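Asks:
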Amino acid sequence: AGAFVKLSGGLAQGGEKFSEKAFEPMRFLGAELREYGERSEFEKGVVRYISPNLRTRHSGANFTPLDKLDGVITPSSLHFERHHGGVPTIDPAEHRLVIHGMVERPLIFTLADLKRLPSVTRTLFIECAGNGQNGYRNPPDMTLTATRSRGLVSNSSWTGVPLAILLKEAGVKEGARWLIPEGADAAAYTRSLPLEKAMEDVLVAYAQNGEALRPEQGYPLRLVVPGWEGSIMVKWLRRIQVTDMPVMAKDETSEYTDTMADGKVHAFTWIMEPQSIITYPSGLQQIQRGFHEIRGLAWSGHGRIVRVEISLDGGATWRRASLEPSPDPLSVVRFKLGWVWDGKETIIMSRAWDEKGNTQPTQEEFFARWARNNRYHYNAIQAWRIGADGKVVNGDKTLSASLAPRRLGAVGMGGCGGES
Amino acid sequence: AGAFVKLSGGLAQGGEKFSEKAFEPMRFLGAELREYGERSEFEKGVVRYISPNLRTRHSGANFTPLDKLDGVITPSSLHFERHHGGVPTIDPAEHRLVIHGMVERPLIFTLADLKRLPSVTRTLFIECAGNGQNGYRNPPDMTLTATRSRGLVSNSSWTGVPLAILLKEAGVKEGARWLIPEGADAAAYTRSLPLEKAMEDVLVAYAQNGEALRPEQGYPLRLVVPGWEGSIMVKWLRRIQVTDMPVMAKDETSEYTDTMADGKVHAFTWIMEPQSIITYPSGLQQIQRGFHEIRGLAWSGHGRIVRVEISLDGGATWRRASLEPSPDPLSVVRFKLGWVWDGKETIIMSRAWDEKGNTQPTQEEFFARWARNNRYHYNAIQAWRIGADGKVVNGDKTLSASLAPRRLGAVGMGGCGGES
Amino acid sequence: LAGVLAQPGGRYQIGTPLTEQEVQRWNIRPSILPDGRGLPPGQGTVDEGERVYNAQCLGCHGANGQGGVFNRLVGEPFPVTKDVDSVDFVIGNYWQYPTTLFDYIRRAMPLQAPGTLSDNEVYALVAYLLYQNGVIDGSEPMNAQTLPKVQMPARAILELDPTTQKRFPWLRLP
Amino acid sequence: LAGVLAQPGGRYQIGTPLTEQEVQRWNIRPSILPDGRGLPPGQGTVDEGERVYNAQCLGCHGANGQGGVFNRLVGEPFPVTKDVDSVDFVIGNYWQYPTTLFDYIRRAMPLQAPGTLSDNEVYALVAYLLYQNGVIDGSEPMNAQTLPKVQMPARAILELDPTTQKRFPWLRLP
Ligand code: HEC
Ligand code: HEC
Ligand SMILES: [Ca+2]
Ligand SMILES: [Ca+2]
Ligand SMILES: [Ca+2]
Ligand SMILES: [Ca+2]
Ligand SMILES: [Ca+2]
Ligand SMILES: [Ca+2]
Ligand SMILES: [Co+2]
Ligand SMILES: [Co+2]
Chain D
171 AGAFVKLSGG LAQGGEKFSE KAFEPMRFLG AELREYGERS EFEKGVVRYI
221 SPNLRTRHSG ANFTPLDKLD GVITPSSLHF ERHHGGVPTI DPAEHRLVIH
271 GMVERPLIFT LADLKRLPSV TRTLFIECAG NGQNGYRNPP DMTLTATRSR
321 GLVSNSSWTG VPLAILLKEA GVKEGARWLI PEGADAAAYT RSLPLEKAME
371 DVLVAYAQNG EALRPEQGYP LRLVVPGWEG SIMVKWLRRI QVTDMPVMAK
421 DETSEYTDTM ADGKVHAFTW IMEPQSIITY PSGLQQIQRG FHEIRGLAWS
471 GHGRIVRVEI SLDGGATWRR ASLEPSPDPL SVVRFKLGWV WDGKETIIMS
521 RAWDEKGNTQ PTQEEFFARW ARNNRYHYNA IQAWRIGADG KVVNGDKTLS
571 ASLAPRRLGA VGMGGCGGES
Chain L
171 AGAFVKLSGG LAQGGEKFSE KAFEPMRFLG AELREYGERS EFEKGVVRYI
221 SPNLRTRHSG ANFTPLDKLD GVITPSSLHF ERHHGGVPTI DPAEHRLVIH
271 GMVERPLIFT LADLKRLPSV TRTLFIECAG NGQNGYRNPP DMTLTATRSR
321 GLVSNSSWTG VPLAILLKEA GVKEGARWLI PEGADAAAYT RSLPLEKAME
371 DVLVAYAQNG EALRPEQGYP LRLVVPGWEG SIMVKWLRRI QVTDMPVMAK
421 DETSEYTDTM ADGKVHAFTW IMEPQSIITY PSGLQQIQRG FHEIRGLAWS
471 GHGRIVRVEI SLDGGATWRR ASLEPSPDPL SVVRFKLGWV WDGKETIIMS
521 RAWDEKGNTQ PTQEEFFARW ARNNRYHYNA IQAWRIGADG KVVNGDKTLS
571 ASLAPRRLGA VGMGGCGGES
Chain Z
2 LAGVLAQPGG RYQIGTPLTE QEVQRWNIRP SILPDGRGLP PGQGTVDEGE
52 RVYNAQCLGC HGANGQGGVF NRLVGEPFPV TKDVDSVDFV IGNYWQYPTT
102 LFDYIRRAMP LQAPGTLSDN EVYALVAYLL YQNGVIDGSE PMNAQTLPKV
152 QMPARAILEL DPTTQKRFPW LRLP
Chain Y
2 LAGVLAQPGG RYQIGTPLTE QEVQRWNIRP SILPDGRGLP PGQGTVDEGE
52 RVYNAQCLGC HGANGQGGVF NRLVGEPFPV TKDVDSVDFV IGNYWQYPTT
102 LFDYIRRAMP LQAPGTLSDN EVYALVAYLL YQNGVIDGSE PMNAQTLPKV
152 QMPARAILEL DPTTQKRFPW LRLP
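Chains as they are written, first to last, in this note's numbering: chain D, 171 to 590; chain L, 171 to 590; chain Z, 2 to 175; chain Y, 2 to 175.
Written out as structure tokens, the structure is:
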């Protein structure tokens with residue numbers, strides 16, 4: 171952080187249009203066929219961001235490097251991580267999923283069992299409820315990047331068996347309303363999930379982007395709960411208890427509850443509100459005059475993104491970006507707008523609208539509802555300021571002291587924003 | 171090969187429904203947050219197939235392990251490879267793309283230049299023209315797997331700049347009809363591509379599944395030519411010459427031409443015909459009685475797959491499989507059909523239909539048109555035979571000696587089927 | 002989904018039934034519901050809790066739960082306002098259900114050796130932490146009867162998210 | 002694509018113009034078109050070709066191009082029929098354009114050191130391989146004038162793929 175990344179640089183050093191080095195690869199045989207590929211050595215700098223402030227890497231989060239990626243699929247090696255007791259090493263031959271509680275017949279499933287059953291593949295975002303937490307800093311963090319602003323989101327193609335099928339196999343009893351899924355990690359992580367949602371569209375996923383789930387994503391089994399906060403999508407899934415009451419687990423009471431401006435605390439804020447983030451040009455990048463395609467990502471747990479607007483004048487006027495076709499209503503979508511930068515200081519922003527008519531608040535609107543010490547579900551519009559020198563920095567306004575905090579949330583020692 | 175893979179096995183060894191080992195991961199802290207993830211150690215056997223018969227791994231192909239993957243995205247580490255002089259190591263800061271020949275102004279582009287321009291992301295299959303070559307063996311190869319039958323196909327989300335934009339920047343001159351793209355590999359691989367196709371939908375891609383192209387896929391730049399044979403999608407792209415004539419390169423004359431039953435040789439067989447392959451249950455897998463979801467992959471270079479049919483009786487009757495929603499007309503699509511296996515010997519097959527009404531031929535129909543020594547564009551229906559013991563093997567028929575070869579194509583020492 | 006081809010009984014007949022005893026063996030860290038269901042036999046006092054805390058928890062959570070390398074567990078004031086830093090959200094001012102404490106400590110603490118505390122030790126730790134937070138007076142031992150009856154101050158400010166309420170009109174917080 | 006925002010001249014003004022000389026410097030392995038465009042000055046004979054072949058190619062392609070570790074380059078019969086194994090598709094019976102030989106050998110061979118042959122050596126190798134395949138009598142040296150005029154027997158059986166013809170009605174094979 172701190173160094174500006176020259177993204178739109180032109181030619182080779184020294185004014186030459188190309189160098190003799192460009193011919194080198196043509197002179198020798200390259201690498202042989204391999205069983206399993208790796209990325210180029212020149213891409214080794216594209217990594218998940220891990221805050222230097224973390225007290226432990228056994229419970230915390232890291233960020234998908236949104237400002238260094240293209241398209242909408244998150245490479246599995248770069249999917250953001252969040253866990254509470256480290257990533258367990260699970261032998262899939264020993265792993266089981268048990269469904270018990272208010273059911274006709276408790277059942278135990280092997281992985282092979284689950285893979286025989288009807289499967290579904292969907293492209294879905296997973297977003298940490300703590301995403302955006304760096305937006306709570308006031309005055310704004312001038313070293314903010316798109317990654318640290320909104321990188322607690324990733325987007326993958328998930329394959330699994332509908333949880334509804336497993337529940338029907340076990341036979342849910344009259345009066346059941348809730349599921350308590352449990353992980354096979356050290357923290358035996360649990361949450362509460364309404365049976366109703368499970369019967370609609372929840373997946374017990376075993377594959378991610380075509381291959382087995384990654385360890386950090388719950389290998390060999392996890393819940394995928396389309397559109398809801400990531401923390402409910404229990405990983406390393408080993409047990410689902412069917413009940414008539416939610417468990418009110420630590421991570422749905424003492425964490426993952428929202429503090430509101432009216433002094434109340436909100437529980438079960440499950441559906442993720444619309445978000446958008448401009449990834450190019452974005453914080454700590456460096457651009458040059460002339461044409462650029464402004465690009466970013468948008469998503470909403472309420473449904474399909476139907477419109478993304480971009481302002482090139484600090485929010486005074488807005489124009490419509492074009493959207494790439496989206497594989498699924500609950501997938502991240504890529505937005506784009508062609509633009510010629512004239513070399514003058516410019517504030518750019520984006521805001522997303524979903525099919526239900528929801529959009530993103532300004533910072534002021536957000537803090538009018540949420541308390542300034544809240545840690546979750548921050549989705550206010552992010553601004554970037556392009557200086558006359560082409561350097562891009564956080565363009566958020568400094569809020570009045572009474573409205574927003576000087577140091578809170580992720581920036582302090584609690585929460586899951588990944589920086590503490 | 172030779173060993174049968176028990177995919178639908180039930181419980182732990184010794185009749186126990188679960189073992190104490192299942193609790194192990196819960197007793198200790200797991201792995202820490204990491205900058206770059208890796209797959210589980212238990213998945214290390216999921217690799218690209220490299221034939222033991224290859225004379226060199228510097229020019230050849232390997233196969234995507236279709237029978238071990240789910241969904242439709244091919245993990246980039248498992249995308250099939252095909253190259254003629256090894257995989258070059260290219261420094262993206264030194265790499266350039268030059269457009270020259272019949273243009274108003276020859277132009278040189280850095281990677282940074284290309285990334286400023288309008289971008290497009292599409293999910294597209296890439297299939298080697300040699301895919302299916304193992305189908306030329308007669309009698310059929312009883313060790314065939316879905317991977318070795320059709321694994322020279324992969325499916326990725328590609329991001330890049332439309333080639334049309336670059337050509338317009340350079341200004342194509344009157345009379346130009348062709349492009350000759352060249353790679354920066356040892357073989358300086360070239361092909362001919364009609365300008366007309368380039369103006370429609372060809373991409374100069376720099377990203378694959380969200381991140382930079384993989385080295386085997388052309389890092390840092392490759393052509394993606396939607397729906398056409400993979401060999402035309404020049405990798406490590408360094409130069410595009412605009413001409414009025416095709417170059418008739420080695421790999422569009424002495425290779426990648428089809429020998430026909432009438433004695434002729436066909437050039438420029440670019441559009442990939444419909445294909446489908448059942449991946450579960452498939453060759454060398456082992457199943458048990460009861461319910462299974464039959465699953466497979468289908469694609470066509472002519473356009474969207476609109477129907478896949480499955481036969482459970484060796485081709486006598488066909489029923490319609492369900493199709494997962496497809497992100498793009500030229501993406502691979504996943505098909506599925508629920509089925510209860512009664513323990514009797516069964517021959518299963520699939521055939522795909524595209525939106526233009528094209529479908530797959532039987533072996534006999536294919537060899538009535540193509541010569542038995544042809545090496546490319548084999549898309550005949552693949553059958554699997556499930557024995558009464560649940561073992562799955564190649565279910566293709568033995569053809570009469572006059573129709574099909576005993577040993578040809580990929581099985582010999584030429585061609586790109588990846589086995590020679 | 003597989004309509005015509007499904008097995009007798011309309012089910013897929015996949016998955017193996019477990020006996021209630023096998024379910025118990027699998028369920029090594031049972032969930033505790035807010036009404037106390039799931040709480041095991043046994044009990045513990047504040048004093049016992051203090052001893053276990055000092056031996057097993059103090060290293061991470063500090064003397065008297067005041068915070069150390071990791072989260073503080075004890076603190077004031079109640080109610081939390083928007084000026085209370087979230088690092089000061091603790092059991093006394095923020096936890097809304099007493100059962101959560103038992104459930105969480107038994108399943109997840111101590112961090113590096115979860116699942117090693119006895120039920121009596123967990124009851125004692127719960128008693129100690131509630132006492133330290135000024136929630137209970139410590140006169141009664143914690144057990145399956147007393148624990149669910151504890152009133153957590155922060156329950157008063159907990160509400161259901163309105164968007165969730167609209168989506169699930171039947172939903173009431175315990 | 003970016004409509005209203007495009008730069009003056011309707012272009013994006015991205016990419017740097019090259020001089021014709023810079024294009025030449027970049028174009029280290031120029032393409033040879035079927036009509037001979039792109040062929041360099043220089044020439045080579047069958048005898049010269051034999052010497053280069055034995056020194057640089059024989060190890061992989063065998064004595065007289067009969068095949069070794071890698072592809073055979075020389076062989077009969079013509080025309081290829083469906084009974085000819087594809088490993089016997091060679092220059093004499095399967096290659097359709099003489100210019101392809103020059104283009105390919107110069108750009109890609111020898112496998113481990115491509116780009117190291119002189120133009121004269123490439124002409125000589127082309128002469129040698131065409132002679133070995135019985136395509137030429139070897140009386141003339143190979144050069145930019147003679148090479149494009151060589152008639153390859155396999156050109157007679159080459160046709161455009163009918164699907165491609167339908168898609169691009171203007172397309173004719175050279
Ligand atoms: C080795 C360090 C360590 C030890 C020892 C430890 N804890 Fe913790 N504790 C943590 C960490 C880290 C967390 C945060 C876990 C998370 O949510 O990711 C935590 C969280 C907690 C919480 C939840 C706090 C909140 O408000 O979110 C409680 C309660 C708790 N511990 C109690 C205990 C008790 C009781 C013991 C002793 C039996 C104990 N801890 C021992 C590290 C430790
Ligand atoms: C180290 C091994 C090696 C050497 C030395 C070598 N070649 Fe090759 N050659 C190959 C391989 C491997 C191929 C197949 C390349 C491919 O298409 O992937 C090939 C292909 C060819 C072909 C195309 C054959 C066809 O019908 O597809 C020609 C022609 C050829 N080589 C000529 C030469 C000449 C001339 C030389 C010497 C100047 C030479 N080779 C030296 C390995 C070699
Ligand atoms: Ca806390
Ligand atoms: Ca925490
Ligand atoms: Ca050949
Ligand atoms: Ca070859
Ligand atoms: Ca809401
Ligand atoms: Ca065709
Ligand atoms: Co979170
Ligand atoms: Co091929």
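The C-beta atom is built at its ideal place from N, Cα and C for all residues, glycine as well. These figures come from a predicted structure and were not determined experimentally.
For chain L, is any of its Cβ atoms less than 9 Å away from the one on K150 (chain Y)?
Replies: K150 (chain Y) does not count as touching chain L.
Asks: Take A145 (chain Y) as the anchor and find which of Y:T100, Y:L174, Y:T165 has the nearest alpha-carbon.
Replies: Out of Y:T100, Y:L174, Y:T165, Y:T100 has the C-alpha closest to the C-alpha of A145 (chain Y).
Asks: Does chain D have any CB closer than 9 Å to the CB of G1 (chain Y)?
Replies: The first residue shown for chain Y is 2 and the last is 175, placing residue 1 (chain Y) beyond what the model contains.
Asks: Taking only runs that begin and end inside the region 230-279 of chain D, name each unbroken beta strand (DSSP E) of 3 or more residues, in chain order.
Replies: For the region 230-279 of chain D, whole beta strand (DSSP E) runs of length 3 or above, ordered along the chain, are 267-271, 277-279.
Asks: Please list, in chain order, the residues of the region 414-429 of chain L that have any C-beta partner in chain Y closer than 8 Å.
Replies: Against chain Y - using a Cβ distance shorter than 8 Å - the residues of the region 414-429 of chain L are M415, P416, V417, M418, A419, K420, T423, S424, T427, D428, T429.
Asks: Quick one: is L482 (chain D) near chain Z, going by C-beta distance under 9 Å?
Replies: No - not a single Cβ of chain Z is within 9 Å of the one on L482 (chain D).
Asks: What separation, rounded to the nearest whole angstrom, lies between the Cα atoms of S246 (chain D) and A437 (chain L)?
Replies: Going by the C-alpha atoms only, they are around 40 Å apart.
Asks: To which residues does DSSP link S492 (chain L) through a beta bridge?
Replies: Per DSSP, L:K506.
Asks: With C-beta atoms as the reference, is P142 (chain Y) less than 9 Å away from G16 (chain Y)?
Replies: Cβ distance not < 9 Å, so P142 (chain Y) and G16 (chain Y) don't count as in contact.
Asks: What are the residues of the region 107-119 of chain Y that lie near chain D, defined by any Cβ-Cβ distance shorter than 8 Å?
Replies: Within the region 107-119 of chain Y, the qualifying residues are L112, Q113, A114, P115, G116.
Asks: Should E399 (chain L) be labelled buried (16 or more other beta-carbon atoms within 10 Å of its own) or exposed?
Replies: Looking at its Cβ environment, which holds 16 or more other Cβ atoms inside 10 Å, E399 (chain L) is buried.
Asks: What runs of the alpha helix (DSSP H), each 4 residues or longer, lie entirely inside the region 356-424 of chain D?
Replies: With a minimum length of 4 residues, the continuous alpha helix (DSSP H) runs that stay inside the region 356-424 of chain D are 365-371.
Asks: Run down chain Z in chain order and give the residues with a C-beta less than 8 Å from the C-beta of L199 (chain L).
Replies: What L199 (chain L) touches in chain Z: L112, Q113.
Asks: Determine which residues share a DSSP beta bridge with R292 (chain L) and list them.
Replies: Paired residues: L:W328.
Asks: Note down, in chain order, each residue of its chain lying with its Cβ closer than 7 Å to the Cβ of I441 (chain L), except the 5 sequence neighbours on either side.
Replies: Cβ within range, chain order: G397, W398, G471, H472.
Asks: Taking 8 Å as the line, does the beta carbon of V562 (chain L) fall inside it for any heavy atom of ligand 1?
Replies: False, no ligand heavy atom lies under 8 Å from that Cβ.
Asks: Decide if T427 (chain L) is buried, meaning its Cβ has at least 16 other Cβ atoms within 10 Å, or exposed.
Replies: Buried, since its Cβ has 16 or more Cβ neighbours within 10 Å.
Asks: Taking Y206 (chain L) as the reference, give the member of D:F250, D:S189, D:L500, D:L391 with the closest Cα.
Replies: Nearest option by C-alpha distance: D:F250.
Asks: Going by DSSP in three states, G172 (chain L) sits in which element: helix, strand or coil?
Replies: Only weak support exists for where G172 (chain L) lies, its pLDDT of 46 falling under 50; the coordinates are left without a value.
Asks: Shortest alpha-carbon distance to W96 (chain Y) belongs to which of Y:L74, Y:P115, Y:V85, Y:A114?
Replies: Of the candidates Y:L74, Y:P115, Y:V85, Y:A114, the one whose C-alpha sits nearest the C-alpha of W96 (chain Y) is Y:L74.
Asks: At a Cβ threshold of 9 Å, is L2 (chain Y) touching chain D?
Replies: Residue placement at L2 (chain Y) is poorly supported in this model, since its pLDDT is 38, which falls under 50; the coordinates still yield a value, given next. With 9 Å as the cut-off, L2 (chain Y) counts as an interface residue toward chain D.
Asks: Could you pull the DSSP bridge partners for A553 (chain D) from this structure?
Replies: The partner list for A553 (chain D) (beta bridge, DSSP) reads D:M519.
Asks: In chain Z, what lies closer than 9 Å to L369 (chain L) by C-beta?
Replies: The amino acid occupying residue 369 (chain L) in the given sequence is Met; Leu does not appear at that position. What M369 (chain L) touches in chain Z: nothing, since even the nearest Cβ is about 44 Å away.
Asks: Quick one: what does DSSP say E352 (chain D) is sitting in, helix, strand or coil?
Replies: Note: E352 (chain D) maps to strand in three-state DSSP.
Asks: By alpha-carbon positions, which one of L:V476, L:L573, L:M272 ends up nearest to A431 (chain L)?
Replies: The option with the nearest alpha carbon to A431 (chain L) is L:L573.
Asks: I'd like to check one pair, R30 (chain Y) with P115 (chain Y): are the Cβ atoms closer than 9 Å?
Replies: Closer than 9 Å, so yes.
Asks: Taking only heavy atoms of ligand 1 into account, decide whether any of them is closer than 8 Å to the Cβ of D48 (chain Z).
Replies: No, the beta carbon of D48 (chain Z) sits no closer than 8 Å to any heavy atom of ligand 1.
Asks: Buried or exposed: which applies to G172 (chain D), given that a residue is buried once 16 or more other Cβ atoms fall within 10 Å of its Cβ?
Replies: At G172 (chain D), the pLDDT of 47 sits below 50, so the modelled position is not reliable; the number obtained from the coordinates is stated separately. With fewer than 16 Cβ atoms within 10 Å of its Cβ, G172 (chain D) is classed as exposed.
Asks: Quick test of your reading: V478 (chain D) and F461 (chain D), contact by CB under 8 Å. State the CB separation rounded to the nearest angstrom.
Replies: Actually they do not touch by this definition, with Cβ atoms about 20 Å apart.
Asks: Thinking just about the alpha-carbon of each residue, which of L:V257, L:G453, L:A299 is nearest to the one in T315 (chain L)?
Replies: When each option's Cα is compared against that of T315 (chain L), the closest is L:G453.
Asks: For the region 360-367 of chain L and the region 311-329 of chain L, state whether three or more C-beta atom pairs, one from each stretch, are separated by less than 8 Å.
Replies: Contact fails: fewer than three Cβ-Cβ distances are below 8 Å.
Asks: For K191 (chain L) and G256 (chain D), I'd like the C-alpha separation in whole angstroms.
Replies: The straight-line gap from Cα to Cα measures roughly 18 Å.
Asks: Residue ranges of each alpha helix (DSSP H) run of no fewer than 4 residues wholly in the region 53-102 of chain Z, ordered along the chain?
Replies: The region 53-102 of chain Z contains these whole alpha helix (DSSP H) runs: 59-62, 92-95.
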